[in-house]
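Read through the structure below, which is laid out as structure tokens, and then see the notes.
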Amino acid sequence: MKRIVLLSFTLILAVSSFAQKNPIDAMFDKYAGKEGITTVYISSKMFSMMGKADLDDDELQDVINNLKSIRILTVDDDELNKKLNFFSELEKDLDFNAYEELMVVKGSDRDLKFLVKEKGKRIDELLMIGGGPGQNVLISIKGDLDLENITSISKAMGIEELQDNVKY
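Going by the working numbering, the first residue of the sequence shown is number 1322, and it counts up by one from there.
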């Protein structure tokens, strides 16, 4: 009987630990659909549809084929921006050791951090986290990429935050 109880308890702990969301997913879930907040999610399916389009730019075609997802979370309301700080929220829960810092910008009204998670020599995920009364933004790009690819993506999709801040 003790073995059954112990086994059940162990299984419950194991299942509950797998059910926890990573801090990035939790942040998107927390703010999705809230007034003054815009969330964008572009899936791999959408990229595969775009990849079938007749694009003149072979480099862009290659980048699109290697994308898994792009998620963008931004605050549109100035008053709400003053109350939130995405950077501080993620600082509590995100394992920054799993990422390499590309760039950090600290200003009087916002902090901005570019992080990459690499798999071998390629970028598996790029995060742009900005927080403070000046601007709150979170961008997550997943795929099999390099920095040149990310610049191409930002130009093609008009993601100004990345165009202005990522240079190769």
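Ideal placement from N, C-alpha and C gives every residue a C-beta, glycine not left out.
Computed from a predicted structure; not experimentally measured.
| Asked | Found |
| --- | --- |
| Quick one: residues in its chain with C-beta nearer than 6 Å to the C-beta of residue 1361, no 5 flanking neighbours on either side, listed in chain order? | 1393 |
| Within a Cβ cutoff of 6 Å, which residues of the same chain sit near residue 1470, ignoring the five residues on either side of it in sequence? | 1384 |
| What does a CB cutoff of less than 6 Å around residue 1455 pick up in its chain, not counting 5 residues either side in sequence? | 1430, 1431 |
| Just to confirm, is the Cβ distance from residue 1411 to residue 1422 under 7 Å? | no |
| With a threshold of 16 other CB atoms inside 10 Å of the CB of residue 1446, please say whether the residue is buried or exposed. | buried |
| Name the one or two DSSP bridge partners that residue 1427 has. | 1432 |
| From the DSSP secondary-structure annotation, give me the bridge partner or partners of residue 1390. | 1463 |
| Between which residues of its own chain and residue 1395 is the CB-CB distance below 6 Å, once the five residues before and five after are set aside? | 1359, 1458 |
| Assuming residue 1408 and residue 1453 are in contact, meaning their beta carbons sit under 8 Å apart, how far apart are those beta carbons, in whole angstroms? | 7 Å |
| Buried or exposed, going by whether 16 or more other CB atoms sit within 10 Å of the CB of residue 1402? | buried |
| Let me know if residue 1370 comes out buried or exposed under the rule of 16 or more other beta-carbons within 10 Å of its beta-carbon. | exposed |
| Could you please give the first and the last residue of the uninterrupted beta strand (DSSP E) stretch that includes residue 1352? | Per DSSP, residue 1352 belongs to no beta strand (DSSP E); it is in the alpha helix (DSSP H), 1344-1352. |
| From residue 1363 to residue 1474, what distance separates their C-alpha atoms? | 12 Å |
| So, is residue 1449 buried or exposed, given that buried needs 16 or more other C-beta atoms within 10 angstroms? | buried |
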